[in-house]
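**Student:**
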Amino acid sequence: MGKHRKKRPLRLLAAAAVSAAATLGAASCLKPGTLGANLNTVLHILVEVGALTLAAAVLEARGLLRRIGIVFAPLVRFSRLPASVAAAMTAALASGSAAALMLADAREEGKLGRRDMIYGALACSPVSIFMFNLTVMFPVLAILKTAGMWYYLASYLSLAAMLLCVLCAARVTAPCRGVPPEYAAAGAEVAPWPQAFRHGLARTGRFLLRVTLLTMPVLLWTAAAVQHGVFDFTGKLPAGVRDYLPPAAWTVFAARFGGMLSAAGAAAELLKQQLLSTPQLVLVLLAGNIINGVIRTLRRGIPVSLGIYPGADGMLIATVSTALRVGMTLIALGITMVVIHYES
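Numbering (mature numbering (1 follows the signal peptide of the UniProt record, and there is no 0)) for the sequence shown: -26 to -1, 1 to 318.
Here is the structure:
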């Protein structure tokens, strides 16, 4: 133990030096005048995630997350994952990063194995995405009405299928072990409020340090890559796609990159003028989900995940999670294309 403690400051200094060098290199590749905006993005991530992580850590220490986590207990019991995954899924309702940190800390403390941590992270992903989509769902439904309803139905069914795949895979690959009878009772010790806050501050500090060292250089390098056109693949879609999407659909597709509300505003007028059918709108929004999901993973998902999970696990979790979501969305997109084919 003493040797490991002596090595930690040296590793931290080495990591800080590498991070600083990588950050300076990325900053030099950015276009003039854009460094401030990208640093503001990093700061926003740190403040937002740090606050939610502190709240989640305090609630966990007080035992509140595990009480709420009884909602996810049947799913976790089915998957044969440890009880702490149910608490992490509860935290994912507020913040995917807070849930990820809970799993990573449980792994570091020896309460979770690597396999359980990875499956737990993959199970938390659709829960977090669901809550993220929920924030803009009602305004979009008010604008698009029936078309919006079909879009969100397809999106949420894709997320449900993704979660089901993860839980089934976890169950099939689970080692032969007994399932804890009481998920809600796991870790029933309740820390006093002062101790809970100290625990939360310590966890948040460790997390923010790791995220700063990894997220800042990766995010800046990704921003530089975007500025230099590395990810300009959105215009290289197969020619056959145009058979299913009229020219007006590309207006919605472009607006989708500004967010769901901007896309909904553009789509509402096209639907009103009958330049776009409901299935065609659902198709273009689902396609936008795929492109946005991949870009979001590259720009934010991978940097944050690398800062939370040990070793290469962060890259593995972010990649597999995105691949699962893209795969399920492609199935929904294919079904929509069949509907358009028979309509025409």
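Heads up, the beta-carbon is just placed ideally off N, CA and C, and yes, glycines get one too.
None of the values given here were measured: they were computed from a predicted structure.
#1: Report the option in W224, V110, L26 and A78 whose CA atom is closest to the CA atom of S69.
#2: What's the C-alpha gap between L175 and A242?
#3: Helix, strand or coil: which one does DSSP assign to Q248?
#4: Taking K119 as the reference, which of R299, N107, H315 and L245 has the closest Cα?
#5: What is the DSSP secondary structure of T296, reduced to helix, strand or coil?
#6: So which of V101, V16, R36 and F227 has the shortest CA-CA distance to P166?
#7: Less than 8 Å between the C-beta atoms of I314 and P253, yes or no?
#8: Using DSSP with H/G/I as helix, E/B as strand and the rest coil, what is P277?
#9: Buried or exposed, going by whether 16 or more other CB atoms sit within 10 Å of the CB of G308?
#10: Quick one: what's got a C-beta closer than 7 Å to G301's C-beta in the same chain, skipping five residues either side?
#11: Nearest-angstrom Cα distance between D79 and L137?
#12: Quick check on the DSSP output: the alpha helix (DSSP H) that includes T271 runs from which residue to which?
#13: Just to confirm the assignment, what range does the alpha helix (DSSP H) spanning residue 321 have?
#14: Hey, would you say L250 sits closer than 8 Å to A223, going by beta carbons?
#15: Beta-carbon within less than 7 Å of L182's beta-carbon, same chain only, minus the 5 sequence neighbours each way: which residues are those?
#16: For V200 and V164, I'd like the C-alpha separation in whole angstroms.
#17: According to DSSP, simplified to helix, strand and coil, what is G(-2)?
#18: So is F207 buried or exposed if we call it buried at 16+ other beta carbons inside 10 Å?
#19: Mapping the DSSP letters down to three states, classify R36 as helix, strand or coil.
#20: Please classify A159 as buried or exposed, where buried requires at least 16 neighbouring CB atoms within 10 angstroms.
#21: Pull up the distance between the alpha-carbon of L(-3) and that of V(-9), whole angstroms please.
#22: To the nearest angstrom, report how far apart L(-17) and C142 are at their CA atoms.
#23: Within 10 angstroms of the Cβ of Y126, are there 16 or more other Cβ atoms? Answer buried if so, exposed if not.
#24: Cα-Cα, which of I117, F52 and C98 is closest to A72?
#25: Classify P191 as buried or exposed, calling it buried when 16 or more other Cβ atoms lie within 10 Å of its own Cβ.
#26: Got a sec? Which residues, its chain only, sit under 6 Å from G122 by beta carbon, not counting five neighbours each side?
#27: From T178 to V312, what distance separates their C-alpha atoms?
**Tutor:** Straight from the coordinates:
#1: When C-alpha distances from S69 are compared across W224, V110, L26 and A78, the shortest belongs to L26.
#2: If you take the alpha carbons of L175 and A242, they lie about 46 Å apart.
#3: Q248 falls in the coil class under three-state DSSP.
#4: Out of R299, N107, H315 and L245, L245 has the C-alpha closest to the C-alpha of K119.
#5: T296 falls in the helix class under three-state DSSP.
#6: If we check each option's Cα against that of P166, R36 comes out closest.
#7: Taking 8 Å as the cut-off, the Cβ atoms of I314 and P253 count as close.
#8: DSSP places P277 in helix when its eight states are reduced to three.
#9: With fewer than 16 other Cβ atoms within 10 Å, it is exposed.
#10: Excluding sequence neighbours, G301 sits near nothing in its chain.
#11: D79 and L137: Cα-Cα distance of roughly 23 Å.
#12: Note, T271: premise wrong, no alpha helix (DSSP H); not H, not E.
#13: Outside the shown range of the chain (-26 to 318) lies residue 321, about which nothing can therefore be said.
#14: With respect to A223, L250 sits close: the two C-beta atoms are nearer than 8 Å.
#15: Here the set comprises L20 and G24.
#16: The C-alpha of V200 lies about 47 Å from the C-alpha of V164.
#17: In the structure shown, G(-2) sits in a helix (DSSP, three-state: H, G or I).
#18: The predicted position of F207 is uncertain, since its pLDDT is 48 and thus under 50; no value can be drawn from it.
#19: In the structure shown, R36 sits in coil (DSSP, three-state: anything other than H, G, I, E or B).
#20: Bear in mind that a pLDDT of 40 at A159, under 50, signals an unreliable position, so the model cannot answer this.
#21: The alpha-carbon atoms of L(-3) and V(-9) are separated by roughly 10 Å.
#22: Between L(-17) and C142, the alpha-carbon positions lie close to 42 Å from each other.
#23: Y126 is buried by the Cβ-count criterion.
#24: Residue nearest to A72 within the set I117, F52 and C98 is C98 (criterion: CA-CA distance).
#25: By the 10 Å Cβ count, P191 comes out buried.
#26: Result list for G122: V114 and L115, in chain order.
#27: In this model, T178 and V312 are separated by some 48 Å (Cα to Cα).
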